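Okay, so the sequence shown: first residue is 40 according to my numbering, each after it adds one. Note that CB positions come from ideal geometry on N, CA and C, so glycine has one too. Nothing here was measured: the structure is a model prediction, and the numbers come from that model.
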Amino acid sequence: MDRARREQIFVFLLCMFAAVRVFVYSAAFPFFNNVDEQMHFDLVYKYSVGDVPREELANYSSRVAELIVLYGTPEYFRGPEKFPQGRIPAPAWKIPNVRSTQDFHRASDRWFRKGNHESTSFPAYYALAGLWSAAGRSAGLTGGNSLYWIRFLNVPLVAALVYLTYLIGRTFAADNPVQRLGLPVLTAFFPQDVFYSINSDVLSPLLFAISLLMLLQLYFHSRSVLYHALAGLAVAGCFLVKISNLAVLVLLGLIVLLKVKDLLAEGRLAEYVPRLSALILGTFIPTGLWLGRNLLLFGDVTGSAHKAEYLGWTAKSLGQIGDHPIFGITGLFYFLEKLTVTFWRGEFVWNLEHIRLPWLDTFYAASSAIFLGMCLVFLVWRRDDTGREYRFLLTVSFLTLAISVLVLAALSVVFDFGKCWYPSRESPYFTSGRLILCCLVPLLLLYVDGVGRLLSWRKRPALALGFLCLVAVVITVSEWVMTRHVFSSSYNWFHLKG
Numbered sequence: 040m041d042r043a044r045r046e047q048i049f050v051f052l053l054c055m056f057a058a059v060r061v062f063v064y065s066a067a068f069p070f071f072n073n074v075d076e077q078m079h080f081d082l083v084y085k086y087s088v089g090d091v092p093r094e095e096l097a098n099y100s101s102r103v104a105e106l107i108v109l110y111g112t113p114e115y116f117r118g119p120e121k122f123p124q125g126r127i128p129a130p131a132w133k134i135p136n137v138r139s140t141q142d143f144h145r146a147s148d149r150w151f152r153k154g155n156h157e158s159t160s161f162p163a164y165y166a167l168a169g170l171w172s173a174a175g176r177s178a179g180l181t182g183g184n185s186l187y188w189i190r191f192l193n194v195p196l197v198a199a200l201v202y203l204t205y206l207i208g209r210t211f212a213a214d215n216p217v218q219r220l221g222l223p224v225l226t227a228f229f230p231q232d233v234f235y236s237i238n239s240d241v242l243s244p245l246l247f248a249i250s251l252l253m254l255l256q257l258y259f260h261s262r263s264v265l266y267h268a269l270a271g272l273a274v275a276g277c278f279l280v281k282i283s284n285l286a287v288l289v290l291l292g293l294i295v296l297l298k299v300k301d302l303l304a305e306g307r308l309a310e311y312v313p314r315l316s317a318l319i320l321g322t323f324i325p326t327g328l329w330l331g332r333n334l335l336l337f338g339d340v341t342g343s344a345h346k347a348e349y350l351g352w353t354a355k356s357l358g359q360i361g362d363h364p365i366f367g368i369t370g371l372f373y374f375l376e377k378l379t380v381t382f383w384r385g386e387f388v389w390n391l392e393h394i395r396l397p398w399l400d401t402f403y404a405a406s407s408a409i410f411l412g413m414c415l416v417f418l419v420w421r422r423d424d425t426g427r428e429y430r431f432l433l434t435v436s437f438l439t440l441a442i443s444v445l446v447l448a449a450l451s452v453v454f455d456f457g458k459c460w461y462p463s464r465e466s467p468y469f470t471s472g473r474l475i476l477c478c479l480v481p482l483l484l485l486y487v488d489g490v491g492r493l494l495s496w497r498k499r500p501a502l503a504l505g506f507l508c509l510v511a512v513v514i515t516v517s518e519w520v521m522t523r524h525v526f527s528s529s530y531n532w533f534h535l536k537g
């Protein structure tokens, strides 16, 4: 069996492992987690029935309100000691005739009367998950099974992402086995817990990776008008997942400018105008339509002004912005450390305690700093060390990562967060790594490159690949240790009967 065939089998197994892992943990965690899962589920359901919200704070759907009461667990925020006899109460769906009780009607009515402040969120994930949800209902899935079916959309998304990382490595680092194999290994084992949730952030890594691959391909090679149009649609789709995916538009602008520069030097710009037009139109027609809709309905293109008002955020004056602690060494270090840690492991709590191991958080933060720093050192000072296309890939990876971090830093400094609990006046930082999960592939590209630089002794990749496999094992064991008690929850899919 030749090398290429062995690699294909290895990557296929990685895709299958990633799929099984996401399936198991998505099934193990009960509904509804602390990362706004109720809100995201409400939007998915509304899109699945063709009810795209036209109000800034649209109330929860009555059907969603009932499912939240029936299948939601208190375990994310309260432990057994907070209940009579020290026991978590039985799930509502196990209580006979629960729908006819006054308690059920009161609880459902409270949710129905609440406004969903995510109502104006960008639509790409909700449209896709809505179609997936509708397909599940058409196949006969109801109740809790229909809820978990939406989560299980993450299974093919993550499997596709793993294969795509292999494709990126094979395309731009064909002679670098550390990047070619290490990247899909780390992606398959990546411990970000948002992948076990109904949440729009889960779509960002895949669409950004597709956009990155297609944009670099059309920059370095000649591609058809159709290819350019599809690349534009991929970019639009990525941006329309979440406004914090702004880096994808910057990447598009950079690629267009560099391509035009090269074409002018070659005297070939005229023949490329249809292709570049298809790229730009493919991006900005869907993007412009959505932003225009927001402007007409809500008075601002992002649709986020009313969300900020609802949460109690107010814009700071220029003088107040300069007082933010992020402009000091301690504040900046805190922001970057917390952002890095949550980018890796996520933000789930259980019994109001973060699911984390302190030493593992330290490893995530320290290893990211070391290996990204190593990659940067070689990229800047050893210009002839890598091929042009691979160097460009690393450069735009740093660029998109830096832009995404700056977006969260800017959002952190421009608002006074009032009485909001996160971010807050006491800790005025956006440190949720999931918000910039579009940078998953860029960060892992840089991380794996740094590992290869530091550990590929005499250009032999075995040590670097061995280290990455060891990281994958540590992540797997640690994740099980941290979440093993979740599997016994009577609220999860393994205990579901309908």
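- Sequence-distant partners of residue 224 (beyond 5 residues in either direction) whose C-beta falls short of 7 Å from its own C-beta, in its chain, are 53, 507, 508 and 511.
- Between the segment 384-395 and the segment 225-238, the count of Cβ pairs shorter than 8 Å is three or higher; the stretches touch.
- Nearest neighbour of residue 533 by Cα position, chosen from 492, 183, 433 and 179, turns out to be 183.
- Three or more Cβ pairs closer than 8 Å define a contact, and the segment 351-367 falls short of that threshold against the segment 300-318.
- Excluding the 5 residues flanking it on each side, residue 371 has same chain C-beta neighbours closer than 6 Å at 365, in chain order.
- By the Cβ neighbour-count rule, residue 465 is exposed, with fewer than 16 other Cβ atoms within 10 Å of its own.
- Restricting attention to 412, 284, 455 and 262, the CA atom closest to the CA of residue 361 is found in 455.
- Burial state of residue 281 is buried, judged by a 10 Å Cβ sphere holding 16 or more other Cβ atoms.
- Residue pairing by DSSP places residue 393 opposite 388 in a beta bridge.
- Here the alpha carbons of residue 344 and residue 88 stand approximately 26 Å from one another.
- Shown here, residue 454 sits in a strand according to DSSP, grouped into three states.
- Bounds of any alpha helix (DSSP H) do not take in residue 459, whose DSSP letter is neither H nor E.
- For the pair residue 237 and residue 294, the CB atoms are not nearer than the 7 Å cut-off.
- Setting aside the 5 residues that flank it on each side, residue 390 is surrounded in the same chain by 118, each with a C-beta closer than 6 Å to its C-beta; the list follows chain order.
- Between residue 380 and residue 404 the beta-carbon gap is near 6 Å, inside 8 Å, which marks them as a contact.
- Membership of residue 301 in the alpha helix (DSSP H) is indicated by the continuous run 286-305.
- Partner residues in a beta bridge of residue 381, as assigned by DSSP, do not exist.
- Beyond the five residues adjoining it in sequence on each side, residue 73 comes within less than 6 Å, by CB distance, of 115 and 388 in the same chain, given in chain order.
- In this structure, residue 202 and residue 82 do not form a Cβ contact; the two beta carbons are roughly 28 Å apart against a cut-off of 8 Å.
- Setting aside the 5 residues that flank it on each side, residue 198 is surrounded in the same chain by 54, 57 and 58, each with a C-beta closer than 6 Å to its C-beta; the list follows chain order.
- Residue 160 counts as buried, since at least 16 other C-beta atoms from the protein chains shown sit within 10 angstroms of its C-beta.
- In chain order, 216 and 217 place their CB closer than 6 Å to the CB of residue 500, counting only its own chain and leaving out the 5 sequence neighbours on each side.
- By alpha-carbon distance to residue 106, the top candidate from 86, 76, 122 and 91 is 76.
- Fully contained in the segment 481-520 is no alpha helix (DSSP H) run of length 4 or more.
- Under the 10 Å beta carbon count, residue 244 is surrounded by 16 or more other beta carbons and is classified as buried.
- Under the DSSP assignment, residue 144 falls in the alpha helix (DSSP H) whose first and last residues are 141-151.
- DSSP, read as helix, strand or coil, puts residue 169 in helix.
- In this structure, DSSP gives residue 70 an extended state, which the three-state scheme calls strand.
- Judged by pairs of C-beta atoms under 8 Å, the segment 409-420 does not touch the segment 131-147, as fewer than three such pairs exist.
- Sorting 435, 490, 402 and 445 by C-alpha distance to the C-alpha of residue 211 places 435 at the top.
- Taking residue 191 as the centre and dropping the five residues before and after it, the same chain places the C-beta of 62 and 65 closer than 7 Å to its C-beta, in chain order.
- The beta carbons of residue 158 and residue 96 sit about 6 Å from each other, so the pair counts as a contact at 8 Å.
- Within the same chain, and ignoring the five residues on either side of residue 67 in sequence, the residues whose Cβ sits closer than 8 Å to its Cβ are 235, 522, 525, 526, 528, 531, 532 and 533.
- Here residue 463 is exposed: its Cβ has fewer than 16 other Cβ atoms, across all protein chains shown, within 10 Å.
- Collapsing the DSSP output to three states places residue 353 in a strand.
- Using a 10 angstroms sphere on the CB of residue 297, the tally of other CB atoms stays under 16, which defines it as exposed.
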